[in-house]
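> Before we start, here is the structure in question, set down as C-alpha cells.
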Amino acid sequence: MPQPWDEFRDDIASADAERVNPVVEEVGAWDIDERVRSFEDCFDGLTTLYGASDDGYVRQSCVRVTDELAPGLAAAVNLQDEQASSPDRETVVDQTDALCGFFLEAMTDEDGRVRQSAKQGLQDVFRTYDTLEERDTIEAVRAELDEMASRYDGKRGEHLEEAKRTANASLDSPLTQMVQDVAARLDE
Numbered sequence: 001m002p003q004p005w006d007e008f009r010d011d012i013a014s015a016d017a018e019r020v021n022p023v024v025e026e027v028g029a030w031d032i033d034e035r036v037r038s039f040e041d042c043f044d045g046l047t048t049l050y051g052a053s054d055d056g057y058v059r060q061s062c063v064r065v066t067d068e069l070a071p072g073l074a075a076a077v078n079l080q081d082e083q084a085s086s087p088d089r090e091t092v093v094d095q096t097d098a099l100c101g102f103f104l105e106a107m108t109d110e111d112g113r114v115r116q117s118a119k120q121g122l123q124d125v126f127r128t129y130d131t132l133e134e135r136d137t138i139e140a141v142r143a144e145l146d147e148m149a150s151r152y153d154g155k156r157g158e159h160l161e162e163a164k165r166t167a168n169a170s171l172d173s174p175l176t177q178m179v180q181d182v183a184a185r186l187d188e
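Quick note: the sequence shown uses the UniProt record's numbering, first residue 1, plus one each step.
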C-alpha cells in the first residue's frame, strides 16, 4: 500500500537527496492501480508544496515525484489489452491533462533543474497522449509551448524550445504514423 502523503511530504520538503531519492524510487515502483488510487492526494500535495517552496531542489523533487506518480504510458498501453488491469480512458486522460498543466507551469520555473525535470515529464506526457491517439492535444500543447517560448529568452526560452521539439517528435513518432496509416486504409 502506498505510503501516506504526510510521510512523503516531509521527505520531499527536506531538500535532502538521501531522503528524496528513495521516495522517487518507491513511487516509481508502484503498480498502475496504486498510482491511480494515490494520484489525487499525492498530486494535490505535490503541487501545493511546489507552489509554496522557495527552494529549487524541493520544487525539482516535486516535479520528479509527480513524473513517477503518473500512471501514464503503462495505463494507456493497458487500455489496448482487455485482460490487463488499467483505469478507464477518462481517468488516464484526466490525470495526464493534470500532469501536463503542472509540467507546463514548471517549464517556466526560475531554476533550470526544475525545468529539465519538467521537460522530461512532458516527454512522458507526450508519449501517453500519443498512445491514446490524442494528436490534437499534443498539437495544442506544442502551440502553448511555442507561445511560452516567445515570452522568454536565455535558458528558459531554450528549455521551452527543447520541449516544443519533443512535442514535434511525438507528432512524427512511428506509432502516430502507423495509426494514421491504418486509419487512412480503413477510410478507403
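Idealized CB from N, CA, C, for every residue including glycine.
Less than 8 Å between the C-beta atoms of residue 121 and residue 63, yes or no?
For residue 121 and residue 63, yes; Cβs fall inside 8 Å.
> Between residue 43 and residue 134, what straight-line distance do the alpha-carbon atoms span, to the nearest angstrom?
Straight-line measurement puts the Cα of residue 134 at about 22 Å from the Cα of residue 43.
> Between which residues of its own chain and residue 61 is the CB-CB distance below 6 Å, once the five residues before and five after are set aside?
12 and 20
> Can you tell me whether residue 89 is buried or exposed? The criterion is at least 16 other CB atoms within 10 Å of its CB, across all chains shown.
exposed
> I want to see whether chain B comes within less than 8 Å of residue 106, judged by CB atoms only; does it?
Among the chains of the structure shown, chain B does not appear; only one protein chain is present.
> Quick check: what's the CA-CA separation for residue 171 versus residue 118?
19 Å
> Are there 16 or more other CB atoms within 10 angstroms of the CB of residue 150, so buried, or fewer, so exposed?
exposed
> How far does the alpha helix (DSSP H) with residue 40 in it extend, from its first residue to its last?
Residue 40 -> alpha helix (DSSP H) spans 32-52.
> Could you give the C-beta distance for residue 56 and residue 111, rounded to a whole number, given that I count them as a contact under 8 Å?
3 Å
> Can the beta-carbon of residue 104 be found less than 8 Å from the beta-carbon of residue 144?
yes
> Where does residue 131 sit, in a helix, a strand or coil, going by DSSP?
In the structure shown, residue 131 sits in a helix (DSSP, three-state: H, G or I).
> Between 97, 87, 137 and 6, which lies nearest to residue 33 when the distance is taken from Cα to Cα?
87
> Helix, strand or coil for residue 57, going by three-state DSSP, please let me know.
helix
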